[in-house]
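> My questions all concern the structure below.
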Amino acid sequence: MTVITRFAPSPTGSLHIGGARTAIFNWLFARHNKGKFLLRIEDTDQARSTDESLDEILRSMEWLGLNFDDIPIRQSERLEIYREYANKLLDSGKAYRCYVSPEELEQKRKEAQQNGEFFQYKRQWASESAGQDEPFAIRLSTPDHGDIQVHDLLRGIINFDAKEIDDFVILKMDGFPTYNFAVVIDDSLMEITHILRGDDHLINTPKQILIYEAMGFKVPMFAHVSMILGSDKTKLSKRHGATSIEAYRDFGYLPEAMINYLARLGWSYGDEEIFSKEGLIEKFSLENLGKSAAVFNPEKLTWLNTHYLKEKPGKEIAELIIPLMKDKGYNAELDDKLLMIIEQLRDRSKTIIDFVDQSHYFYTDHIEYEKKARDKFLKEDNIPVFKSLIKQLTMLESFDQDSIHKTFEDIMKKTGLKLGKIAQPTRVALTGGTVSPGIFEVMEILGKEKVIDRLNKALSAIGGN
RNA sequence: GGCCCCAUCGUCUAGUCGGCCUAGGACGUAGCCCUCUCAAGGCUGAAACACGGGUUCGAAUCCCGUUGGGGCUGCCA
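-19 is the number of the first residue of the first sequence in our numbering; add one for each residue after it.
Rendered as structure tokens:
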């Protein structure tokens, strides 16, 4: 049997952390089993679905590298199909027309609630059929008693009492299918074998099983994965901060870090933490999925990001940061200078953005001294140091780390100063601040001309010439 | 309220059918080392089986209950 899974987002917003993870699980399960991973757009809510959301979801999927097989299916283009199947149910007596207006129902529901009663629609108003011209919804006729069993691959058998399930609507008055109905029709027609979805859908499953049975369709396998929560352990939402995949991309996170982190949230493989995409495909299995909800932890994501940043080829990092640097007005291009900068900034960057932020003094000649740095390191007693540095560096023929290092040692010997006493003022002179890669590396990358120039500027800032 | 799910360090988790667990790893955190700053790296530490009953020679692991958390309760998906 070929495994066929699907991801079925509704284009009513961004692809967020939770949705991305169920997509990842479905994708991994399909790829692991050499099956198919399909995409279906659930856009039956005309009011809330937008093309912008759809575009963003597709963009995020591509960014994550979650490739799907076949062209995506759009539910809004399949209205006829749902109507046809709903009519079949009508004809066979497994569904019936309901003429009660939503407003009226809402009223009844409210009244029941106020009286502390349990509200349920079980055909009691079915006879209130108005004339044939009146608009109607179609409801499924559900059993009054008995158990409905959900066989969940993760949680075993879960029993639902048929009494709890009312005659829910399958086709709305506007002719659109409801979520539960469209899902079942499509999952059947698409021949989905395994449905991996969020825990929050568990309650929908008995309803969907009822539809499968009424239609005479084969019931697929289900696995309800637990949800991702915010730090306060409630359902992850906007108030927890950034939740969309695109936001993390813009923060400078790598897709490989995102995939690794999300896959590891609710799934594990012994003590292993680092998984490449290939590793995940090879190792993923339903048995290792956890049952309890997981809290989203941005710090661990960041740690993974630094890990992947360390091993990403310099050229690839360059491709990612060059556009961002250009936005800042830096004259950056893929050359040895940029590659050297990347190597120096690798261990010092948590995100792609960090590379850009930390490289400013390599791409601008206007160095602004941080106040604290200037007060502490650009002082009169440094004048002799700067002077001898300028003098000796100027004489250097080859401006590489070794030669620079030797020059520093020479000055240390002559003055009796420790390296720190020379390096820090120099750092401030060259970068404007007290934090940077190793001073020799910085100097080599900047080149002789700029180094001497900046040292001179620092000297005059102190009043040394 | 009703129904359903869940319960190991702050967080993600290991713990496969009860003994090897004085509970392991990772993130974060504390200290130390390295060191021209900042990182990175190395070492060390603090930190958890929700509670109460069973079953058993023996339970984090099985059963029941309590508590806690989450989800659902729409002609939203």
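C-beta: ideal position from N, C-alpha, C; glycine also.
(1) Name the two residues that bound the continuous beta strand (DSSP E) containing Leu16.
(2) Rounding to the nearest angstrom, what Cα-Cα distance links Ser224 and Ile321 in this structure?
(3) Within the same chain, show all residues whose beta-carbon is closer than 7 Å to that of Thr452, passing over the 5 residues directly before and after it, in chain order.
(4) Tell me which residues share the same chain as Asp49 and place their Cβ nearer than 7 Å to its Cβ, disregarding the 5 neighbours each side in the sequence.
(5) Please return the same chain residues whose Cβ sits closer than 6 Å to the Cβ of Leu464, not counting the five positions on each side in sequence.
(6) From what residue to what residue does the beta strand (DSSP E) around Val130 run?
(7) On the DSSP letters alone, give me the boundaries of the alpha helix (DSSP H) that Ile4 sits inside.
(8) Whole-angstrom Cβ separation of Leu120 and Ile150, contact assumed at under 8 Å?
(9) Excluding the 5 residues preceding and the 5 following Leu44 in the sequence, name in chain order all residues of the same chain whose CB lies nearer than 8 Å to its CB.
(10) Leaving out the 5 sequence neighbours to the left and right, which residues in its chain are closer than 6 Å to Leu284 when beta-carbon positions are compared?
(11) Is Ser440 helix, strand or coil by DSSP?
(12) How is the alpha helix (DSSP H) around Leu176 delimited, first residue to last?
(13) Going by the CB atoms, is the gap between Ala274 and Leu260 shorter than 8 Å?
(14) Of the residues Gln26, Met201, Glu193 and Tyr288, which one's Cα is nearest the Cα of Arg(-14)?
(15) Among Glu267, Glu258 and Lys257, which residue has its Cα nearest to the Cα of Gly250?
(16) Using 8 Å as the cut-off, can you tell me whether the stretch 158 to 175 makes contact with the stretch 183 to 202, which would need three or more C-beta pairs spanning the two stretches below that distance?
(17) Does the stretch 328 to 345 touch the stretch 302 to 312, meaning 3 or more C-beta pairs lie closer than 8 Å?
(18) Would you check whether the ligand ZN has a heavy atom nearer than 7 Å to the C-beta of Leu410?
(19) Mapping the DSSP letters down to three states, classify Phe202 as helix, strand or coil.
(20) Can you tell which of His385, Ile254 and Ile145 has the C-alpha that lies nearest to the C-alpha of Gln188?
Reading off the structure:
(1) The amino acid occupying residue 16 in the given sequence is Lys; Leu does not appear at that position. In the DSSP annotation of this structure, the continuous segment of the beta strand (DSSP E) that includes Lys16 starts and ends at Lys16 to Ile21.
(2) Taking C-alpha positions only, Ser224 is separated from Ile321 by approximately 31 Å.
(3) The requested residue 452 does not occur in the structure, where the chain is confined to residues -19 to 445.
(4) So the qualifying residues of the chain are Lys16, Phe17 and Leu18.
(5) Residue 464 falls outside the range modelled here, since the chain spans only -19 to 445, and no answer is possible.
(6) The continuous beta strand (DSSP E) containing Val130 extends over residues Asp127 to Asp132.
(7) Ile(-3) to His12 is the extent of the alpha helix (DSSP H) around Ile4.
(8) Yes, they are in contact, since the Cβ atoms of Leu120 and Ile150 sit about 5 Å apart, within 8 Å.
(9) If we look at Leu44 and ignore the five residues flanking it on each side, its Cβ neighbours are Ala0, Ala3, Ile4, Ile225, Pro235, Met238 and Ile239.
(10) Ala237, Asn240 and Tyr241.
(11) Residue state, collapsed to three classes: helix.
(12) Taken as a continuous stretch (DSSP letters only), Leu176 belongs to no alpha helix (DSSP H), being part of the beta strand (DSSP E) at His174 to Gly178.
(13) Contact flag unset, no.
(14) Nearest C-alpha to Arg(-14): Met201.
(15) Selected option, being the one with the closest Cα: Glu267.
(16) Of all C-beta pairs linking the stretch 158 to 175 to the stretch 183 to 202, three or more are shorter than 8 Å, placing the two stretches in contact.
(17) Output reads yes: the stretch 328 to 345 touches the stretch 302 to 312.
(18) Summarising the ligand content, the structure contains no ligands, and the ligand ZN is consequently not present.
(19) If DSSP states are grouped into helix, strand and coil, Phe202 belongs with the strands.
(20) When the alpha-carbon of Gln188 is set against those of His385, Ile254 and Ile145, the nearest one is in Ile145.
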